[in-house]
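Some notes on the structure that comes next.
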Amino acid sequence: MIRTNFTQDIFLLSKLIESYAITLPIRKIAHAYKLFSWTHQPNLFMWNTIIRGYSINDLSSLKAIALYKDMHLSGISSNSFTFGFVLKACCNLPRLEEGKMVHSQVLKMGLDYETHVVNGLIKLYTSCGRVDEARDLFDEMSERDFVSWSTMVSGYVQNGCSNEALVLFKQMQAQNVKADEFTLASVVGACGDMGALDLGKWLHSYIGEEGIDIDIVLGTSLVDMYSKCGSLDNAIRVFEGMSKRDVMAWSTMIGGCAIHGFGEKALKMFHAMKSANVRPNSVTFTSVLCACSHSGLVKEGCQYFNSMSLEYGITPQIEHYGCMVDLFCRAGLVLRAHKFIQEMPIKPNAVLWRTLLGACKTHGYKELGESITREVLELEPHSAENYVLVSNVYASLGRWSSVSKVRSQMKHKKAKKQHGWSSIEMGFVVHQFVMGDELHPEIRQIYQMLDQMAKKLKQEGHVATTIDVLHDIDEEEKEHALGFHSERLAIAYGLLRLSKDSPIRIVKNLRVCTDCHSVIKLISSVYKRDIIVRDRIRFHHFREGKCSCNDYW
1 MIRTNFTQDI
11 FLLSKLIESY
21 AITLPIRKIA
31 HAYKLFSWTH
41 QPNLFMWNTI
51 IRGYSINDLS
61 SLKAIALYKD
71 MHLSGISSNS
81 FTFGFVLKAC
91 CNLPRLEEGK
101 MVHSQVLKMG
111 LDYETHVVNG
121 LIKLYTSCGR
131 VDEARDLFDE
141 MSERDFVSWS
151 TMVSGYVQNG
161 CSNEALVLFK
171 QMQAQNVKAD
181 EFTLASVVGA
191 CGDMGALDLG
201 KWLHSYIGEE
211 GIDIDIVLGT
221 SLVDMYSKCG
231 SLDNAIRVFE
241 GMSKRDVMAW
251 STMIGGCAIH
261 GFGEKALKMF
271 HAMKSANVRP
281 NSVTFTSVLC
291 ACSHSGLVKE
301 GCQYFNSMSL
311 EYGITPQIEH
321 YGCMVDLFCR
331 AGLVLRAHKF
341 IQEMPIKPNA
351 VLWRTLLGAC
361 KTHGYKELGE
371 SITREVLELE
381 PHSAENYVLV
391 SNVYASLGRW
401 SSVSKVRSQM
411 KHKKAKKQHG
421 WSSIEMGFVV
431 HQFVMGDELH
441 PEIRQIYQML
451 DQMAKKLKQE
461 GHVATTIDVL
471 HDIDEEEKEH
481 ALGFHSERLA
491 IAYGLLRLSK
501 DSPIRIVKNL
511 RVCTDCHSVI
521 KLISSVYKRD
531 IIVRDRIRFH
541 HFREGKCSCN
551 DYW
């Protein structure tokens, strides 16, 4: 082109810039920009191409936004393609303020009817955690394509709104919109988060019926879903049926065994992974150390922790140190855990101190517990969980004036406690309960069942463990408060509506308290039911009055 004097041919230059900006394998964005900057008056196609080229990569997305601003200042009018490319750049970073500026330009130019532009805006707002704004745009669309549905469903999942994702996916199915592998992987993940096993199984069948290839991503999502829904056998079956398994698939399967308390099975998986010549990474070791922690394998945990740097050259991160502290604390080695934290090469975070503080309360290290309360509150002064735990320590000592003082601090810092909830799936519907719930349509029958359960448990000699109830009230009031915990409401509903041979599967967003753990063991014996509870820490399989954690938890 230089030799034949075609360097100012706009059409040829446009195509050359496009080749360098976006065409693989020759893509060289820096060279494309040189050609672009040499062009005397770049046209709209050139601007769109160079913005698109920079928006492909997260690291260069800021340049794409800067180029869009330059284009705007140069007097070139954007079109729907321009907005699509710059919105992608805003999503990559993510940059909400710049995205809002683009949104205002979209409205000013009257392009808010363009489906692919609105899809970009939905992606922007979900990427920035503004799910409600994204949903408003979705609901206002006159025409929705497959991308619209997929983006909104995936956005819900990414923002932890799993229940909303499942509801929207059902609407998507009712509209006969077919889902691709990416959307299905997102929905399968939502099923895992909510413990919706029946819906997860249906999705697995749907994937098979539609002839959709179960690649590594979808296969790993299914393994994760079955593990989180308490069906480890199905997780192993899917894992073993995968034609290819990468480090993420292996790590997910090891993690699944870990949260179910099958530490030795998890370690066998780890050795099988090494035999398959798959090199473990940082995530793998988090799963391995978690397995050791949940199964009380202190010696093995120390060996694997040391092997990270010695054998694999992986520098332990804060989550690995957290697993080790948890391992020592669960084994009652509180002083060893304290020494481990003090000798860490990186600064311990509030999670580690919180773990140690909880162990001090459990194992009776009162003086040490008191000495580290300040560490916890100083590191995260706005975390309600920390104030609750410190209150718990003082409550266990019967120091109610200190409890009141901590509660006042909590109020002053405007730290709000995370509300506990429990869910149970029935007929593809996830029912969620909170403590003292009054909104469920069958709440009257549920409370009647709770009363019946309480009478039966008292007949069996159950005495409430009230140490976790923080308020300075009498024992009878504490027992009453414990009786309305969300997991008990969910179990009562399960006893009411599930057949006697069906296990009762519960998901709880917080840790199961000491009294509820004892109560559920007794319920499994009295009502002869298998009860599977997934709390924030691990799975508890209750059967015939025993728990799979062996009360090690």
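In full-length UniProt numbering, the protein residues as written are 1 to 553. Every residue, glycine too, gets a C-beta built ideally from N, C-alpha and C.
Legend entry - Per DSSP, cross-strand counterpart(s) of I491: As a working mapping, residue 491 is identified with position 491 in the sequence shown. DSSP lists no partner for I491.
Inset, instruction - Label R536 either buried or exposed according to how many other C-beta atoms from any shown protein chain fall within 10 Å of its C-beta, with 16 as the threshold for buried. - result: The residue labelled residue 536 in the question sits at position 536 within the sequence shown. Exposed, because fewer than 16 other Cβ atoms sit within 10 Å of the Cβ of R536.
Inset, instruction - Quickly, what does DSSP pair F539 with across the bridge? List them, please. - result: For this step, residue 539 is matched to residue 539 along the sequence shown. F539 pairs with R534.
Legend entry - Close beta carbons around A235, own chain, < 6 Å, minus the five adjacent residues each side: Counting from one through the sequence shown, the residue named residue 235 turns up at place 235. Only V223, Y226, S227 and G256 meet the Cβ criterion.
Inset, instruction - Specify the secondary structure class of I473 as computed by DSSP and reduced to three states. - result: Translated into the one-based positions of the sequence shown, residue 473 becomes position 473. Here I473 scores only 41 on pLDDT, less than 50, and its place in the model should not be relied on; the value that follows carries that caveat. Correct three-state label for I473: coil.
Legend entry - C-alpha gap between C91 and A134, whole angstroms: Taking the first residue of the sequence shown as 1, we reach residue 91 at position 91. Taking the first residue of the sequence shown as 1, we reach residue 134 at position 134. Each residue's alpha carbon lies about 13 Å from the other.
Legend entry - Element boundaries [alpha helix (DSSP H), containing M172]: By 1-based counting over the sequence shown, the position of residue 172 is 172. It spans S162 to A174 - the alpha helix (DSSP H) in which M172 sits, taken as one unbroken run.
Inset, instruction - Since I believe G545 is in contact with K521 (beta carbons under 8 Å), could you give me their beta-carbon distance rounded to a whole number of angstroms? - result: As a working mapping, residue 521 is identified with position 521 in the sequence shown. As a working mapping, residue 545 is identified with position 545 in the sequence shown. At roughly 5 Å, the Cβ-Cβ gap stays under 8 Å, so K521 and G545 are in contact.
Legend entry - Cβ neighbours of G332 in the same chain (closer than 6 Å, five flanking residues each side left out): As a working note, residue 332 is residue 332 in the sequence shown. Here the set comprises H363.
Inset, instruction - Find the nearest neighbour of L397 within the set S518, K361 and L137, judged by alpha-carbon distance. - result: Position 397 of the sequence shown, counted from the first residue, corresponds to residue 397. Nearest option by C-alpha distance: K361.
Legend entry - Backbone CA spacing between Y33 and R95 [nearest angstrom]: In the sequence shown, counting from the first residue as 1, residue 33 sits at position 33. In the sequence shown, counting from the first residue as 1, residue 95 sits at position 95. Cα to Cα, the separation comes out at about 23 Å.
Legend entry - DSSP beta-bridge partners of Q41: Indexing the sequence shown from 1 puts residue 41 at position 41. Answer by DSSP bridge pairing: none, since Q41 is not bridged.
Inset, instruction - Compare the beta carbon distance of I50 and L67 with 7 Å and say whether it is the shorter of the two. - result: Here residue 50 refers to the residue found at position 50 of the sequence shown. Here residue 67 refers to the residue found at position 67 of the sequence shown. Going by C-beta atoms, I50 is nearer than 7 Å to L67.
Inset, instruction - Determine, using beta carbons only, whether I10 and W47 come nearer to each other than 7 Å. - result: Against the sequence shown, residue 10 aligns to sequence position 10. Against the sequence shown, residue 47 aligns to sequence position 47. No, the Cβ-Cβ distance between I10 and W47 is not below 7 Å.
Legend entry - Span separating the alpha-carbon of K455 from that of D193: One-based indexing of the sequence shown puts residue 455 at position 455. One-based indexing of the sequence shown puts residue 193 at position 193. Rounded to whole angstroms, K455 to D193 spans 33 Å at the Cα level.
Legend entry - Complete beta strand (DSSP E) runs within the region 44-105 (minimum length 3 residues, chain order): none
Inset, instruction - Just mark M1 as buried or exposed, buried being the case when its beta carbon has 16 or more other beta carbons within 10 Å. - result: To locate residue 1, count along the sequence shown from 1; it is residue 1. Under this definition M1 is an exposed residue.
Inset, instruction - Would you kindly check if the distance between the Cβ of S401 and the Cβ of Y435 is under 7 Å? - result: In the sequence shown, residue 435 corresponds to position 435, counting from 1. In the sequence shown, residue 401 corresponds to position 401, counting from 1. The question names Tyr, but residue 435 is Met in the sequence shown. Going by C-beta atoms, M435 is not nearer than 7 Å to S401.
Inset, instruction - Kindly list the residues whose CB is nearer than 7 Å to the CB of R543, restricted to its own chain and excluding five residues on each side of it in sequence; keep chain order. - result: The residue given as residue 543 occupies position 543 in the sequence shown. Closer than 7 Å at the Cβ level, and outside the excluded window around R543, lie S524 and D530.
Legend entry - Buried/exposed call for P316, threshold 16 Cβ in 10 Å: For the purposes of this step, residue 316 is identified with residue 316 of the sequence shown, where counting begins at 1. With 16 or more other Cβ atoms within 10 Å, it is buried.
Inset, instruction - Output the distance between the C-alpha atoms of V283 and L166, rounded to the nearest integer angstrom. - result: By 1-based counting over the sequence shown, the position of residue 283 is 283. By 1-based counting over the sequence shown, the position of residue 166 is 166. Their Cα atoms are separated by approximately 27 Å.
Legend entry - Rounded straight-line distance, which links the Cα of N176 to that of D551: Position 551 of the sequence shown holds residue 551. Position 176 of the sequence shown holds residue 176. Going by the C-alpha atoms only, they are around 48 Å apart.
Inset, instruction - Name the residue from V153, G296 and N509 whose alpha carbon lies nearest to the alpha carbon of I424. - result: Locating residue 424 in the sequence shown gives position 424, counting from the first residue. Taking only the C-alpha atoms, the option nearest I424 is N509.
Inset, instruction - Could you tell me if G427 is buried or exposed, where buried requires 16 or more neighbouring beta carbons within 10 angstroms of its beta carbon? - result: Residue 427 sits at position 427 when you count from the first residue of the sequence shown. By the neighbour-count rule (16 or more Cβ atoms within 10 Å), G427 is not buried but exposed.
Legend entry - Secondary structure of Q432, DSSP reduced to three states: What you label residue 432 is simply residue 432 of the sequence shown in a count that begins at 1. Q432: strand per DSSP, three-state reduction.
Legend entry - Distance CB(A291)-CB(G263) smaller than 7 Å: On the sequence shown, position 291 is the one that residue 291 refers to. On the sequence shown, position 263 is the one that residue 263 refers to. Cβ atoms of A291 and G263: closer than 7 Å.
Inset, instruction - Inspect the CB distances between the region 433-451 and the region 488-507 and report whether three or more fall short of 8 Å. - result: yes
Legend entry - K299 in three-state terms, based on DSSP: To locate residue 299, count along the sequence shown from 1; it is residue 299. Note: K299 maps to helix in three-state DSSP.
Inset, instruction - Measure from the alpha carbon of Q303 to the alpha carbon of each residue in L327, K339 and I22, then state which is nearest. - result: Here residue 303 is taken as the residue at index 303 of the sequence shown, counted from 1. Per the Cα distances, L327.
Inset, instruction - Work out the CA separation of K244 and M273 for me, nearest whole Å. - result: Within the sequence shown, numbered from 1, the residue matching residue 273 stands at position 273. Within the sequence shown, numbered from 1, the residue matching residue 244 stands at position 244. Going by the C-alpha atoms only, they are around 12 Å apart.
Legend entry - residue 556: first and last residue of the uninterrupted alpha helix (DSSP H) it sits in: Look at the range of the chain in this structure, 1 to 553, and you will see that residue 556 is not part of it.
Legend entry - Residue burial classification, R444 (beta-carbon count within 10 angstroms, cutoff 16): Here residue 444 corresponds to residue number 444 of the sequence shown, with the count starting at 1. Exposed, because fewer than 16 other Cβ atoms sit within 10 Å of the Cβ of R444.
Legend entry - Coil, strand or helix - V393 by DSSP: Along the sequence shown, one-based indexing puts residue 393 at 393. Correct three-state label for V393: helix.
Legend entry - C-beta atoms of M253 and F285 nearer than 7 Å: If you number the sequence shown from 1, residue 253 lands on position 253. If you number the sequence shown from 1, residue 285 lands on position 285. Their beta carbons are not under 7 Å apart, which means M253 does not touch F285 by this criterion.
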